Amino acid sequence: MRRLLRSEPDLHILSRLWRINWFFVLLVCLLAGVGYVALYSAGGGNAKLFATPQIIRFGFGLIMMLCVAFFPPKMLRMLSVPIYGFSIILLTLVLKMGHVGKGAERWINLAGFQFQPSEFAKIALVLMLATWFQRVSRKEMGNPLRLIIPAIITLLPVILVLKEPNLGTGAIIGTIGASLFFAAGMRWWQIFILAAPIPFLGKFIYAHLHDYQKARIDTFLHPEHDPLGAGYNIIQSKIALGSGGMWGEGYLHGSQGQLNFLPEKQTDFIFTMIGEEWGYVGCIAVIALLSLIVLSGMFMALRCRNRFGRLVALGISMDFFLYCAANLSMVMGAIPVGGVPLPLISYGGSAMLTMMFGFGLLLSSWVHRDEPDPENTKFF
Numbered sequence: 003m004r005r006l007l008r009s010e011p012d013l014h015i016l017s018r019l020w021r022i023n024w025f026f027v028l029l030v031c032l033l034a035g036v037g038y039v040a041l042y043s044a045g046g047g048n049a050k051l052f053a054t055p056q057i058i059r060f061g062f063g064l065i066m067m068l069c070v071a072f073f074p075p076k077m078l079r080m081l082s083v084p085i086y087g088f089s090i091i092l093l094t095l096v097l098k099m100g101h102v103g104k105g106a107e108r109w110i111n112l113a114g115f116q117f118q119p120s121e122f123a124k125i126a127l128v129l130m131l132a133t134w135f136q137r138v139s140r141k142e143m144g145n146p147l148r149l150i151i152p153a154i155i156t157l158l159p160v161i162l163v164l165k166e167p168n169l170g171t172g173a174i175i176g177t178i179g180a181s182l183f184f185a186a187g188m189r190w191w192q193i194f195i196l197a198a199p200i201p202f203l204g205k206f207i208y209a210h211l212h213d214y215q216k217a218r219i220d221t222f223l224h225p226e227h228d229p230l231g232a233g234y235n236i237i238q239s240k241i242a243l244g245s246g247g248m249w250g251e252g253y254l255h256g257s258q259g260q261l262n263f264l265p266e267k268q269t270d271f272i273f274t275m276i277g278e279e280w281g282y283v284g285c286i287a288v289i290a291l292l293s294l295i296v297l298s299g300m301f302m303a304l305r306c307r308n309r310f311g312r313l314v315a316l317g318i319s320m321d322f323f324l325y326c327a328a329n330l331s332m333v334m335g336a337i338p339v340g341g342v343p344l345p346l347i348s349y350g351g352s353a354m355l356t357m358m359f360g361f362g363l364l365l366s367s368w369v370h371r372d373e374p375d376p377e378n379t380k381f382f
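Residue numbering for the sequence shown is 3 to 382, as defined by this note's numbering.
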């Protein structure tokens, strides 16, 4: 372990500390600050309810992120296989002994802590695919046979997550995997062949959805048909966003949120509370902050000289982007409600800690960005 940490003898601890992208760390801290303010309001002015536990988790996650940033690529490549295997084991355990919540088995208890393995599976998939694709040249990516194993690596967690069932997270995991295939050099014609059947499978997929998933799609299309039942959440969300206007109703003065008309205001619909209290200006400011984090991650990915670091940085950035896009689209009624949190703002431990671990991997790619690809890279 000590030898791995010294894989770059000219890069001492202080040098690595200096090479951390502190602007990115500042953006992450600002986003967590927005989350604290929003959760304080969601708790009705009681910090102990949501805000304090969340900021404590963030403090732990921040330390973890900075520690992971020191891990060299060689160590991460060696750990990718056991991390991926562990994530598959956890996903399997969810199906056997998972905690049921809102019609799905998504959590397991580890030492008294409720953990959602599907969140960890996203990071594990990024590491595994980056390790695999690092040893496959762009020319070899043109051979379909070279894509069979990484396709299995991607589909395995997707299938396990869909069986929970967790359609939203399963789709995000699949999209992250597809983005890494494309970044590794997958040809356009290969992407077209794989994507062509998807529109024709819509009716088949819908027929095999659970009743509550069908209800979400039907509600998305016609929320006014059941305003006090299935359509209640999205209707209240739209009312709250609209009532915010340009400048908002004022902090701790949002009528829908403070009077508890808005459901899941500390998790799925936290952005709606921000829009109601801070208005259009507040929404744009939060979206700008989220966009800066995504762009910073993409910038760090482009600056990496080694293929592994570039793919890891891209995968983590894509994970963050997809979660933000899904949550914002969901609360505005652009897509069906899917229980996707807004990273570092929505209340929850699994999502925050796994995201901070992912950000640590992203910073590791930046700290070791000048390390070239090793020759004759072996998978094991």
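Backbone N, C-alpha and C define an ideal beta-carbon position, used for all residues, glycine too.
No experiment lies behind these values; they were computed from the predicted model shown.
Problem - In chain order, each alpha helix (DSSP H) run of at least 4 residues that lies wholly inside the stretch 231-283 - result: 234-246, 257-260
Problem - Selection from Ala126, Phe72, Gly61 that minimises the alpha carbon distance to isoleucine 85 - result: Ala126
Problem - Whether isoleucine 318 touches leucine 364 by CB criterion (9 Å) - result: yes
Handout entry: Straight-line gap, glycine 335 to isoleucine 241 (C-alpha atoms, nearest Å)
Key = 11 Å
Exercise for the section: Taking 8 Å as the threshold, find out whether the stretch 34-48 comes into contact with the stretch 314-330 through three or more Cβ pairs. Expected result: no
Problem - Residues sharing a beta bridge with phenylalanine 117, DSSP - result: Ile110
Handout entry: Neighbourhood of alanine 329 by C-beta distance below 6 Å, restricted to the same chain and skipping five residues each side
Key = Going by the sequence as given, residue 329 is asparagine instead of alanine. Within the same chain, asparagine 329 has close Cβ partners Val342, Leu344.
Handout entry: Pairwise C-alpha distance: valine 288 and arginine 59
Key = 21 Å
Exercise for the section: Inspect the CB distances between the stretch 352-367 and the stretch 117-126 and report whether three or more fall short of 8 Å. Expected result: yes
Practice task
Report yes or no: do the stretch 245-255 and the stretch 279-286 share at least 3 C-beta pairs separated by less than 8 Å?
Solution key: yes
Problem - Endpoints, alpha helix (DSSP H) assigned at lysine 98 - result: 75-99
Handout entry: Reduced DSSP secondary structure (H/G/I, E/B, other) of valine 138
Key = coil
Problem - Nonlocal neighbours in the same chain, by C-beta distance under 8 Å from valine 163, ignoring five residues either side - result: Leu93, Ser120, Ala123, Thr171, Gly172, Ile175
Practice task
Closer than 7 Å by C-beta to glycine 250: which residues in its own chain qualify, once you throw out the five before and the five after it? Chain order, please.
Solution key: Glu278, Glu279, Trp280, Gly281, Gly284
Exercise for the section: Alpha carbon to alpha carbon, how far is isoleucine 151 from threonine 87? Give it in angstroms, no decimals. Expected result: Reading off the sequence shown, one finds glycine at residue 87, where the question assumed threonine. Roughly 15 Å separates the two Cα atoms.
Practice task
Provide the residue span of the alpha helix (DSSP H) that contains methionine 143, from first to last.
Solution key: Run containing methionine 143: none; DSSP gives neither H nor E here.
Exercise for the section: Figure out for me which residue from Met143, Ile237, Gly256 has the closest Cα to the Cα of valine 339. Expected result: Ile237
Handout entry: Beta-carbon separation (whole angstroms), phenylalanine 310 vs arginine 79, contact threshold 8 Å
Key = 6 Å
Practice task
State the Cα-Cα distance for the pair aspartate 270 and asparagine 235, rounded to the nearest angstrom.
Solution key: 10 Å
Problem - Contact check, tyrosine 349 vs glutamine 268, beta carbons under 9 Å - result: yes
Exercise for the section: Determine, using beta carbons only, whether leucine 254 and glycine 47 come nearer to each other than 9 Å. Expected result: yes
Problem - Opening and closing residue of the alpha helix (DSSP H) in which isoleucine 178 lies - result: 169-186
Handout entry: Same chain, Cβ closer than 6 Å to methionine 188, five either side skipped, listed in chain order
Key = Met143
Handout entry: Span of the alpha helix (DSSP H) around arginine 309
Key = 309-333
Exercise for the section: Keeping to the same chain, check which residues put their C-beta closer than 8 Å to that of glycine 360; ignore five residues upstream and five downstream. Expected result: Lys124, Ile125, Val128, Ile318, Asp321, Phe322
Exercise for the section: Name the residue from Arg312, Phe194, Ser331, Gly362 whose alpha carbon lies nearest to the alpha carbon of threonine 133. Expected result: Arg312
Handout entry: Cβ-Cβ distance between serine 298 and alanine 71 below 9 Å
Key = no
Handout entry: Element boundaries [alpha helix (DSSP H), containing phenylalanine 359]
Key = 351-369
Problem - Contacting residues, own chain, Cβ-Cβ under 6 Å from valine 160 (five flanking each side not counted) - result: Gly172, Ile175, Gly176
Practice task
With leucine 33 as the anchor, note down where its alpha helix (DSSP H) starts and where it stops.
Solution key: 24-44
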